[in-house]
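Peer 1: If you read the sequence shown in the working numbering, its first letter stands for residue 18, the second for the next number, and so on.
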Amino acid sequence: MNVASNYSMVLNEQAEEGVPVKVEFVALKKGAVTLRALNHKLRQQIVKLIDENKRITVTEIFNKLHLEQSVASQHLAVLRRAGIVKTHRDGKYIFYSVNNSRIAHIVKCVEDLNS
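1) Just the C-alpha distance for E85 and S114, rounded to the nearest angstrom, thanks.
2) Using a Cβ distance threshold of 8 Å, determine whether the segment 86 to 106 contacts the segment 43 to 55, with at least three qualifying pairs required.
3) Using 10 angstroms around the beta-carbon of H92, count the other beta-carbons present and answer buried if the total reaches 16, otherwise exposed.
4) Taking the straight line between their C-alpha atoms, what separation do you get for Y110 and V36?
5) Please classify H105: does DSSP put it in a helix, a strand, or coil?
6) Might you give, ordered along the chain, the residues of its own chain that have their beta carbon closer than 7 Å to the beta carbon of D68, omitting 5 neighbours on each side?
7) Just list the beta strand (DSSP E) runs in the segment 34 to 62, keeping only unbroken ones of 3 residues or longer that don't cross its boundaries, in chain order.
8) Residue range of the beta strand (DSSP E) that S114 falls in?
9) If I follow the unbroken alpha helix (DSSP H) through R97, where does it start and stop?
10) Can you tell me whether V75 is buried or exposed, with buried defined as 16 or more other CB within 10 angstroms of its CB?
11) Excluding sequence positions up to five away, which residues of its chain have a Cβ less than 8 Å from the Cβ of V40?
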């Protein structure tokens, strides 16, 4: 194994295509954070609720799921940082919607990992 830096490495063995495999640790960590964001039962419920409503406020989310406002906000922040949900301000309200292209990309990556 060749160490390129503290943040990446190049594997000695090459991939099937004959190209050296460079592992970027920062990118791996970001991917793990994204998967971890979706691998939580309450966040899955939040994403499902947002998807069913197309766009929804945090108030509607915590009322429908019987949560504390702070709990809903914390979970939405995790989903937003992972790019799983998007926000749109309309006056004094912030609406959340599902980032369908990001979810589709995540699903494809997971399918590739499992094949």
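The C-beta atom is built at its ideal place from N, Cα and C for all residues, glycine as well.
Keep in mind that this is a model prediction, so the values were computed, not measured.
Peer 2: Let me spell this out:
1) 20 Å
2) yes
3) buried
4) 50 Å
5) strand
6) V115
7) 37 to 41
8) 110 to 115
9) 86 to 98
10) buried
11) S25, M26, V27, L28
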